[in-house]
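Undergrad: First the structure, then my questions, so here it is.
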Amino acid sequence: MTGKNNVNQAGGKSKNTKKIIIIAAACVMLFLAGLASGLLAPSVKEKIDNISGNKFNVKEYIDVGDYKSLNVSIAVTQDDIDLEIDDLREQYKIYEQLDGTVADGDTVYADIVGYVNGRRADDTCSTDYVIIGSGEWLEGFEDALKGVKTGTTAEFTIPVPMGTYGNNEIDGQNVNFKVKVEYICGDSIVPEYTDDFVQSVSEYNTTDEYNEYLRQKLAKENEADRGEFAWTDFMEICNVIKYPKDMMEEARKTVLQGYYDMAVVYGCNEDEVFLMFGYDSEEDFRKTDLEELAQDTVKENLAAQALADLEGISYTEEEYNSVVEEEYFPEENSSKEEYEKKNRQALKDAALMKAVKKWLAENISFDTGTE
31 MTGKNNVNQA GGKSKNTKKI IIIAAACVML FLAGLASGLL APSVKEKIDN
81 ISGNKFNVKE YIDVGDYKSL NVSIAVTQDD IDLEIDDLRE QYKIYEQLDG
131 TVADGDTVYA DIVGYVNGRR ADDTCSTDYV IIGSGEWLEG FEDALKGVKT
181 GTTAEFTIPV PMGTYGNNEI DGQNVNFKVK VEYICGDSIV PEYTDDFVQS
231 VSEYNTTDEY NEYLRQKLAK ENEADRGEFA WTDFMEICNV IKYPKDMMEE
281 ARKTVLQGYY DMAVVYGCNE DEVFLMFGYD SEEDFRKTDL EELAQDTVKE
331 NLAAQALADL EGISYTEEEY NSVVEEEYFP EENSSKEEYE KKNRQALKDA
381 ALMKAVKKWL AENISFDTGT E
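In structure tokens, the structure reads:
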């Protein structure tokens with residue numbers, strides 16, 4: 031990895047619409063486990079608190095609908111398979127190789143080698159696509175390639191911020207890069223989905239065989255994600271009656287904290303992270319989407335608590351500790367104990383949410399698309 035968001039432009043992965051929603055929700059939950067109040071953790075015998083630490087009748091705020099009548103589809107469709115095929119073709123696309131001088135906005139394919147104190151640093155080395163002006167690489171890296179002719183090598187030194195590579199021999203050091211610009215990318219060329227293509231990228235001989243492989247793979251994935259699929263459908267039938275003011279205020283803070291945390295993950299400042307997600311500024315985000323995202327967060331918390339109350343769903347101490355292990359990152363926190371103390375309520379929320387999804391996976395009707 032040479033940049034804070036080093037992405038191979040020829041790659042990427044697509045899923046069907048519902049799975050995109052599921053993955054996005056999972057990502058949001060990861061980042062939301064950050065700001066909630068530091069309430070004392072419940073003992074094993076203590077009754078689980080309301081998911082937000084607030085004492086009120088959750089039924090006054092949300093109607094969960096007729097969830098017992100849900101019939102959740104986890105069937106694999108042809109559209110799902112086609113998306114996988116399109117993704118595979120995109121992974122193997124190539125570009126028209128152009129000669130010339132690198133300019134702002136160009137995508138170039140480059141051979142990158144970095145040295146620290148005269149010694150090759152393998153973590154900095156790669157052959158990769160670089161979009162000039164994207165801001166995806168180390169500050170100054172893309173600018174250093176402007177004006178370079180294809181087939182020639184640019185040499186320059188970049189200071190590497192701490193935490194960029196997770197390697198103490200590189201982070202905080204000046205890295206001398208030697209970057210050979212192989213070519214400037216022209217039009218993309220996506221391979222046709224044929225038997226020959228399948229044979230070149232897999233162990234299968236025909237498109238029919240590969241289609242069947244995809245069908246079975248997706249069926250296994252969908253089966254493993256039963257709880258997530260059920261949660262998505264459950265949320266669609268839930269109706270918020272009113273949003274508790276204190277929960278909304280906390281949710282606004284939590285959503286914002288999620289973006290601040292992403293800035294740490296991506297190695298950029300808070301202003302830059304909002305630009306990365308298509309906003310002009312944090313203020314633009316606050317005006318356009320913050321309220322809706324906060325409402326979504328509150329709705330999920332209310333729905334989880336309401337279903338837990340109705341069905342007597344709880345989590346064990348072991349399950350809570352498992353969530354702590356999943357969410358704790360040593361490089362971003364002083365100690366696990368301090369992290370847990372700071373985020374106790376959010377961790378309890380996540381543990382209950384996990385228990386609710388498990389209950390849905392085991393108790394709701396599912397349509398697999400097979401007889």
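Per this note's numbering, the very first residue in the sequence shown carries number 31; after that it's consecutive. Backbone N, C-alpha and C fix where the C-beta goes; we use that ideal spot for every residue, glycine too. Quantities reported herein were computed from a predicted structural model and do not represent experimental measurements.
For a quick check, are the C-beta atoms of Val106 and Ala260 less than 8 Å apart?
TA: One-based indexing of the sequence shown puts residue 106 at position 76. One-based indexing of the sequence shown puts residue 260 at position 230. No.
Undergrad: In whole angstroms, what separates the C-alpha of Val132 from that of Tyr139?
TA: Locating residue 132 in the sequence shown gives position 102, where the first residue counts as 1. Locating residue 139 in the sequence shown gives position 109, where the first residue counts as 1. Roughly 11 Å separates the two Cα atoms.
Undergrad: Using three-state DSSP, classify Ile111 as helix, strand or coil.
TA: As a working mapping, residue 111 is identified with position 81 in the sequence shown. Here Ile111 sits in helix by DSSP.
Undergrad: Could you round the C-beta distance between Val294 and Ile343 to whole angstroms and report it? I think they count as a contact, below 8 Å.
TA: Position 264 of the sequence shown, counted from the first residue, corresponds to residue 294. Position 313 of the sequence shown, counted from the first residue, corresponds to residue 343. In fact, because the Cβ distance is near 33 Å, the residues do not count as touching under 8 Å.
Undergrad: Cutting at 8 Å between CB atoms, please list the residues of its own chain near Gly216, excluding the five before and the five after it.
TA: To locate residue 216, count along the sequence shown from 1; it is residue 186. If we look at Gly216 and ignore the five residues flanking it on each side, its Cβ neighbours are Tyr125, Glu126, Gln127 and Leu128.
Undergrad: Taking a contact to mean a Cβ-Cβ separation below 8 Å, would you say Ile219 touches Lys317 in this structure?
TA: As a working note, residue 219 is residue 189 in the sequence shown. As a working note, residue 317 is residue 287 in the sequence shown. Going by C-beta atoms, Ile219 is not nearer than 8 Å to Lys317.
Undergrad: Is Lys210 helix, strand or coil by DSSP?
TA: For the purposes of this step, residue 210 is identified with residue 180 of the sequence shown, where counting begins at 1. Lys210 falls in the strand class under three-state DSSP.
Undergrad: Under DSSP, the beta strand (DSSP E) around Ile188 begins and ends at which residues?
TA: Residue 188 sits at position 158 when you count from the first residue of the sequence shown. Residues Thr183 to Pro189.
Undergrad: Have a look at Gly399 and Leu323 and give me their C-alpha separation to the nearest angstrom.
TA: By 1-based counting over the sequence shown, the position of residue 399 is 369. By 1-based counting over the sequence shown, the position of residue 323 is 293. Each residue's alpha carbon lies about 33 Å from the other.
Undergrad: Using a Cβ-Cβ cutoff of less than 7 Å, which residues in the same chain neighbour Lys176 once the five nearest sequence positions on both sides are dropped?
TA: To locate residue 176, count along the sequence shown from 1; it is residue 146. Excluding positions up to five away in sequence, the list reads Val132, Ala133, Asp134 and Ile162.
Undergrad: Could you give the residue range of the alpha helix (DSSP H) that holds Gln203?
TA: Counted from its first residue, the sequence shown places residue 203 at position 173. Where Gln203 is concerned, there is no enclosing alpha helix (DSSP H), given that its DSSP letter is neither H nor E.
Undergrad: Is it the case that the Cβ atoms of Val209 and Ala151 are separated by a distance below 8 Å?
TA: On the sequence shown, position 179 is the one that residue 209 refers to. On the sequence shown, position 121 is the one that residue 151 refers to. No, the pair does not count as a contact, with Cβ atoms beyond the cut-off.
Undergrad: Can you tell me whether Gly257 is helix, strand or coil according to DSSP?
TA: Taking the sequence shown and counting its residues from 1, the one referred to as residue 257 is at position 227. The answer is helix: DSSP assigns Gly257 an H, G or I state.
Undergrad: What does a CB cutoff of less than 6 Å around Ala249 pick up in its chain, not counting 5 residues either side in sequence?
TA: The residue given as residue 249 occupies position 219 in the sequence shown. Around Ala249: Val106.
Undergrad: Look up Asn101 in the DSSP assignment and say whether it is helix, strand or coil.
TA: Mapped onto the sequence shown, residue 101 falls at position 71. Strand at Asn101.
Undergrad: Quick check on DSSP: helix, strand or coil for Ala140?
TA: Looking up residue 140 in the sequence shown gives position 110. In this structure, Ala140 counts as strand in the three-state DSSP scheme.
Undergrad: Can you tell which of Lys272, Leu340, Leu286 and Asn351 has its C-alpha closest to the C-alpha of Asp314?
TA: In the sequence shown, residue 314 corresponds to position 284, counting from 1. Cα-wise, what sits closest to Asp314 is Leu286.
Undergrad: I need the straight-line Cα distance from Tyr309 to Trp167, nearest angstrom please.
TA: Within the sequence shown, the letter at position 279 stands for residue 309. Within the sequence shown, the letter at position 137 stands for residue 167. If you take the alpha carbons of Tyr309 and Trp167, they lie about 20 Å apart.
Undergrad: With DSSP as the reference, identify every bridge partner of Ile92, one or two as the case may be.
TA: For the purposes of this step, residue 92 is taken as the residue at position 62 of the sequence shown. Its beta-bridge partners are Val270.
Undergrad: Leu323 by DSSP, collapsed to three states: which one?
TA: Sequence index remark: in the sequence shown, residue 323 carries index 293 (1-based). Here Leu323 sits in helix by DSSP.
Undergrad: So Glu370 is in the beta strand (DSSP E); what residue range does that whole segment cover?
TA: Taking the sequence shown and counting its residues from 1, the one referred to as residue 370 is at position 340. No beta strand (DSSP E) holds Glu370; the alpha helix (DSSP H) holding it covers Lys366 to Lys372.
Undergrad: From Pro360, Gly165 and Glu367, pick the residue whose C-alpha is nearest to that of Phe307; which is it?
TA: Residue 307 sits at position 277 when you count from the first residue of the sequence shown. Measuring from the Cα of Phe307, the nearest candidate turns out to be Gly165.
Undergrad: Taking Val270 and Glu199 to be in contact with their CB atoms under 8 Å, please state how far apart those CB atoms are, rounded to whole angstroms.
TA: Residue mapping note: residue 270 aligns to position 240 of the sequence shown, counting from 1. Residue mapping note: residue 199 aligns to position 169 of the sequence shown, counting from 1. With 8 Å as the limit, Val270 and Glu199 do not qualify as a contact, their Cβ atoms being about 52 Å apart.
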